[in-house]
Every structure is written in structure tokens, then in C-alpha cells.
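Everything on this sheet refers to the single structure shown next.
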Amino acid sequence: TYTGAGITQSMPIDEAITQARTAELRAVGLDPKLASGHAALAAIMLHYDYDYAGVEQELIAARAADDRYSRIWHTFGLLRGYQNRTDEAFNYLGRARELQPMTLLYTYSYGSLLYQRRRYQEAIEYVRPLLASQPRFDQARGVLIRALVEMGDIKGALEQLPLRYAEVPMLSDAGLVYAHAGRRDDALRELERLKRRETEGYGMSYEIAIVHAALGQIDEACAALRHAPDDHSQTLGWLRLDPRMDPLRKEACYAE
Numbered sequence: 005t006y007t008g009a010g011i012t013q014s015m016p017i018d019e020a021i022t023q024a025r026t027a028e029l030r031a032v033g034l035d036p037k038l039a040s041g042h043a044a045l046a047a048i049m050l051h052y053d054y055d056y057a058g059v060e061q062e063l064i065a066a067r068a069a070d071d072r073y074s075r076i077w078h079t080f081g082l083l084r085g086y087q088n089r090t091d092e093a094f095n096y097l098g099r100a101r102e103l104q105p106m107t108l109l110y111t112y113s114y115g116s117l118l119y120q121r122r123r124y125q126e127a128i129e130y131v132r133p134l135l136a137s138q139p140r141f142d143q144a145r146g147v148l149i150r151a152l153v154e155m156g157d158i159k160g161a162l163e164q165l166p167l168r169y170a171e172v173p174m175l176s177d178a179g180l181v182y183a184h185a186g187r188r189d190d191a192l193r194e195l196e197r198l199k200r201r202e203t204e205g206y207g208m209s210y211e212i213a214i215v216h217a218a219l220g221q222i223d224e225a226c227a228a229l230r231h232a233p234d235d236h237s238q239t240l241g242w243l244r245l246d247p248r249m250d251p252l253r254k255e256a257c258y259a260e
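Residue numbering for the sequence shown follows our numbering, starting at 5 and increasing by one per position.
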């Protein structure tokens, strides 16, 4: 719960992960064969520590304890996606969905991977019926917005922005759309909002970099990207695949 609170910006990320790690280490200390405990530690290492080798070890331990615990396969899928091993990622996310077909998080992650693999039309076709039945599912709407931008349907992306339900997590979607729509002032206002969230400890540097890059502000984008590991930006793991990073691929900050 604490890890999720940090990822969804219900709590500052450092505070949330400190609480989560304490609970999870206690759980594994009480029962070293607790699959959910190892899987929870793996999630912290993936989203906060960027310790992919440690993630792998914890997931292997969790799988040995109970290979039908669906979170194992979801986290394995994200890990493989972050490593650009996307065929495995699709398989693992599919396994998680087989075990828990009603879990919306797994459905979202599958759609997000379609987007990251630049299968934009498939991503759009995948999330539209989902949003028809779950109109408040903002994560899926974010996938739709990003895919529409990449398909060049900026008008369609703009129409999706006011349909979002929650104020958090405040990601870069609005700033990205406004930048591509030529609404520079609106994009800059979104940047200021993201920066306020960053000062409050919510790990927004990667999202800030995306908007700067979309505006053609390469130096500012690089400065934000360099800071993303330090503020534990929750979307940094997609760096290798993320289409929104294309303006920075040839820059030194991206290689770093």
C-alpha cells in the first residue's frame, strides 16, 4: 500500500518508500518464504532503487515460494520492459492477467507496453473499449492520449484531456499535448505545475524532461533528465523505449 501511495503521488515518494521498505523487510524477516514479501521488495527495487539485479533475485525467490502469485509476473513484465526485452515482458504481463484477469493495473501495464513498443494503433484499439467500461481509469486514458499524439491526432488527444478524473498523478500528458498543439503558453503552465509537485517530493523530473523535449528546449530537458534518478521519478524505467525521449536520444544526457 505504501509503495502504491508513492507511485500514485498520494504520498511523497521518499516517505512512502521508507515506510514500505520497513514493512516488507519485517515481513520477509518473519517468513523468508513469503512470496508477497519478496515481490513487494522487488517492486521497491524496481521503482525506487533501479536495482534490476536485486529485482531479479527477489522475484526468483518469490516465484520459488508461490508461482501463482500474480504480482510476481506483473513486476517481472515491467522489469523486462525496462530492459527492452519486450517479448518476455508481454508474456509475463499476460501471465499476470491470466491469474488475475480483473486487476486493472495489469490491463493498464499491457496497454502501456503496446505504446512503448510503438504499436500505437493496437494500443488505441486496446484501451478504447476499456475506457468505455471504466471511464475513470485515468492510467488507460493516459495511454490513449500518448498514442494519439504519436499518431498525429492532436485534436483527439486534446479532447481526451478534460475526461481525466483525478488531479494526481500529474504526469506530462497535458504538457505533451499542448506542446504538439502549438499551445506553448499552456505547455509552460503545465511545466510550472509539474515543478511545484517536484519540490513537494513527488519525483517529477522525468515528466518535466518530456515536456521540455516536446517544446524543443533540449538543454532544460537534459537538466531535468539528469535529475530524474535522484528524485526517483516513477516513469524513468521506460527510458530505453519511451517515444517521448526521441528528441534526446543523441544527447549526452540520454547516454548518461
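We put the beta carbon where it would ideally sit given N, CA and C, even for glycine. Please read these numbers as outputs of a predicted model, since none were measured by experiment.
Given residue i as reference, the closest of the options once Cα atoms are compared
| i | options | result |
| --- | --- | --- |
| Leu134 | Gly115, Asp70, Tyr56, Gln120 | Gly115 |
| Gln61 | Ala39, Ser74, Glu129 | Ala39 |
| Tyr110 | Arg89, Leu82, Glu154, Thr90 | Leu82 |
| Leu245 | Arg84, Ala20, Arg25, Glu19 | Arg84 |
| Ala183 | Thr5, Arg248, Ala93, Glu260 | Arg248 |
| Gln104 | Ile76, Leu118, Ile149, Lys254 | Ile76 |
| Val172 | Gly160, Gly207, Leu162 | Gly207 |
| Gly86 | Leu108, Gln120, Ile149, Gly58 | In the sequence on display, residue 86 carries Tyr and not Gly. Nearest C-alpha to Tyr86: Gln120. |
| Ala20 | Gly156, Leu195, Gly8 | Gly8 |
| His51 | Glu28, Arg72, Thr79, Ala27 | Thr79 |
| Arg197 | Gly186, Val215, Ala185 | Val215 |
| Arg188 | Ala217, Glu260, Ser209 | Ala217 |
Assigned exposure category for residue i - 16 Cβ within 10 Å defines buried
| i | result |
| --- | --- |
| Leu165 | exposed |
| Asp49 | One point to set straight first is that residue 49 is Met, not Asp, in the sequence displayed. Answer is buried; the Cβ neighbour count reaches 16. |
| Met106 | exposed |
| Asp235 | buried |
| Gln125 | exposed |
| Val153 | buried |
| Glu211 | buried |
| Ala68 | exposed |
| Glu194 | buried |
| Ala47 | buried |
| Ala170 | exposed |
| Leu243 | buried |
Residue i versus residue j: straight-line alpha-carbon distance, rounded
| i | j | result |
| --- | --- | --- |
| Ala4 | Arg123 | No statement about residue 4 is possible, as the shown extent of the chain runs from 5 to 260 and does not include it. |
| Gly241 | Tyr54 | 8 Å |
| Arg89 | Tyr96 | 11 Å |
| Glu92 | Leu34 | 32 Å |
| Gly220 | Asp70 | 48 Å |
| Thr239 | Gln138 | 23 Å |
| Pro36 | His42 | 8 Å |
| Gly98 | Glu129 | 17 Å |
| Tyr56 | Ala256 | 23 Å |
| Met174 | Arg230 | 20 Å |
| Gln23 | Pro233 | 20 Å |
Per-residue DSSP class, three states only, for residue i
| i | result |
| --- | --- |
| Glu255 | coil |
| Asp177 | helix |
| Phe141 | coil |
| Met49 | helix |
| Pro4 | Because the chain spans 5 through 260 in this model, residue 4 falls outside it and cannot be assessed. |
| Val172 | coil |
| His42 | helix |
| Arg72 | coil |
| Ser14 | coil |
| Asn95 | helix |
| Ala218 | helix |
| Tyr210 | helix |
Neighbour flag for residue i against chain C, beta carbons, 9 Å
| i | result |
| --- | --- |
| Met208 | Protein chain content of the structure displayed is limited to a single chain, and chain C is not contained in it. |
field: Cβ contact (3+ pairs, closer than 8 Å) linking the stretch 178 to 187 and the stretch 135 to 148
entry: no
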